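Only one structure is covered here, and it is reproduced in the block below.
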Amino acid sequence: MTAERICAELLARAPDDGTAWALLTETALRRGRIEAAVVCANRAVAFMPKDPIALILRAKCLFVSGEASQALEAADAAAKLIGAAPETLDALGAIFGLLGLHERAKQYFLRAVAARPDVPQYLFNLAATERMIGALEEAEAHCNAAIARDRSYGLAHYLRSDLRIQTADRNHIAEMEALIGEGRLAPPSEVMLRFALAKEYEDLDLHARAFDHVDAGCELQRRSLAYDHRAEIAEIDRITQTHTRAWMDAAPSGCSAAAPVFVAGLPRTGTTLVERIIGSHPTMRSAGETSAFATEMRRAMTDKAGGSNPADIGKRYIEQVTAFRVSKDARFIDKTLQNYLYCGLIHAALPAAKIILLQRHPMDACWAIYKAHFQGKFAFSYHQIELAEYYLAYRRLSRHWRMTLPPGVLMEINYEDIVADQSAASRRLIDFVGLPWDDEVLRFHQSAAPSATASAVQVRRPVYSSSVGKWRNHAERLAPLRARLAREIPEVELA
C-alpha cells in the first residue's frame, strides 16, 4: 500500500511518469486488481513505448486477463527492445513461459544466467524450463547451482528432488534434513523442503519418514491459507443442481466448427498421461493447461454488452487457443484440470468437443494429491478431511456429467486400466476422439513436446505400475481420510 500511495502522489504531480505507472501496475497485479493493472500498464507503455519492462508488464496483465494473443504481441515487442539487463531478460523469459513457449523462454533465461550466474532466481527459472522440455540433467545442474548460492531456496530443492528417482547412494536427504534441523527456514521454504524430503524418502521406500514430512508440510501450508473448503464444495453441488439435462436441452446452439478434446480430472490422477497418449497421434496437438475456457466463460458473464451466447463463448475460446498455441486447422487437446467443473458449459459452447474425465482408486488418488504441493492451487489438498470431502464432491460431479451429457460426448477412464493394459486403453481413447489408430501413441514417452505439469518428468518414462496401491504403505495414518470416504464409497472400492 505504501508503494501505491507514493506512486499516486507522484502521478498527481507528474501524470506522465511512466515508471510510476509501471509500479502501480505491479501493485495492482499483486492485489488481484486485474482491470486496474491493465489500465496502468497501458499508460506505462504509452509514456515509455521503448521500455521493455513496461511492455513485459503489459504482456503479463493481458495474459492474466485471458488475452493470450495480445500478450504474445506485447512480449514480442519487448523482445525487440530487450537489451542485456539480466532482470529484464529473466522477466521476459517468465512471460514466454506463461505463454507455454518454453524454448523461447529458455533462451532468455540462459542469457540472464550468463550475465548474472550468481542470482539463484535466474538459475531456478532456467532449471524449471529445462524440466518442462525434458532437459533433466541440465535442470538438476542448475538447481544445484541455485542451492549453492542460497541453500534455503525451497523451490529449487523441491524441483531438484522431482527430476529423477533418488537412490540410497545418490539423494539429498542429509542436506535437507540438516537445513530443517537448523530451525531458521522461512515457512514457505520449509514447506517446499518437507515435500521434497517426502518424495526422496518415498523413492527410498522409507515410507514412515515420507509421511512424517508430508504431514508436517501439509499442516504448515494449511495454516497459511485463508480457505473455506465448504464454499468450494457448495459451488460443485450448485453446478449439479443447475446444469441439468433440461438446462442443456434449452441452451442455444453452440459453435460446432471445432472438435477439441478436453482432458480433465483431479491432479495426480493420470491426466498428463492421457494427454501425452492422445497428443502423440500425428494429427493431434496439445495446447496444454490453457484455462482459456474458464476465462471466456467469466468474460461472458461480466460482459455488459452481452456475448454470453454459447456459440460466442466457443468461438472466442477457439480463437484464444489457436492464436499461437496450435495452428487453426489442427485438432487439439486442452488439459486444464478444472475443466471438470464446466463439462456442461463446454458441451453447450462446443457441441463437437470430446471430454475425457480421469478416475483413480480413491485412496491412491487422495494419497497422490496429499503428498504433492500445488503452488496456489487445490487448497483442499493439505488436510485429510477436506481432501476426502472434495474428492467425494468430484465423484458426485462426475456421476452428474455421466447421467447428463449426451452419448458420445463424455468418456471416463481409470488410471489403473491404462497401467494394466496400455494398448487396449490407448485404443479406446483414440477411438473415442474419432481418430484412426496409429502405433505412435504407444511411444508417448519418446515425445519431445514440452510438459508444464506436475507429471512432466514421469511422462517421459514408459507406463509403470509402481504408483498403484501406494496408499497401503500409509493405511494406518490415512485412516481419517479413509473413514470419511467410507461414508459415501462402498468398502469394496476402498480395498
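If you read the sequence shown in the working numbering, its first letter stands for residue 117, the second for the next number, and so on.
Here a beta-carbon is modelled for each residue, glycine too, at the ideal position from N, C-alpha and C.
Remember, predicted model here, so these are calculated numbers, not experimental data.
Using only CA atoms, which one of W587, E609, A342, R543 lies nearest to H397? R543
Given 8 Å as the limit, is there contact between the region 430-449 and the region 338-348, that is, 3 or more CB pairs closer than that? no
Sort out for me which residues DSSP pairs K470 with in a bridge. V377
Which residues bound the alpha helix (DSSP H) around E306? 303-319
Per DSSP, the bridge partner or partners of R447: M400
Any contact of the region 370-378 with the region 465-485, i.e. 3+ C-beta pairs under 8 Å? yes
Give me the residue from Y238, Q223, K222, A221 with the minimum Cα distance to V229. Y238
Pick from A488, Q491, R515, W137 that is closest to Q475, judged by C-alpha positions: R515
With a threshold of 8 Å, are at least 3 pairs of Cβ atoms found where one atom belongs to the region 474-492 and the other to the region 521-537? yes
Measure how close the beta-carbons of T135 and T360 come, nearest whole angstrom, since I'm counting them as under 8 Å. No, T135 and T360 are not in contact; Cβ-Cβ is about 53 Å, not under 8 Å.
Excluding the five sequence neighbours on either side, which residues of its own chain have a C-beta within less than 8 Å of the C-beta of L453, listed in chain order? A380, G381, L382, P383, T387, E405
What three-state label does DSSP hand R129 in the structure shown? helix
If I'm right that L197 touches A187 with Cβ under 8 Å, what's the distance once you round it to whole angstroms? Contact flag wrong, Cβ pair sits at about 16 Å.
Cα-Cα separation, T204 to A332: 37 Å
Look up M164 in the DSSP assignment and say whether it is helix, strand or coil. coil
What do you get for P606, buried or exposed, if any count of 16 or more other CB atoms within 10 angstroms of its CB means buried? exposed
Okay, do the region 266-279 and the region 301-308 touch, 3+ Cβ pairs below 8 Å being the bar? yes
What would DSSP say about N455, mapped onto helix, strand or coil? helix
Are at least three pairs of beta-carbons, each pair with one atom in the region 345-365 and one in the region 503-513, less than 8 Å apart? yes
Does the pairing of the region 586-604 with the region 497-504 give three or more beta-carbon distances under 8 Å? yes
Fully enclosed by the region 494-554, which beta strand (DSSP E) runs are 3 residues long or longer? 526-530
Ignore the nearest five residues each way along the sequence and tell me which others in Q538's own chain have a CB closer than 6 Å to its CB. V579
I'd like the list of long-range same chain contacts for N241, defined as Cβ closer than 7 Å, with 5 residues on each side in sequence excluded. D206, G209, A210, F225
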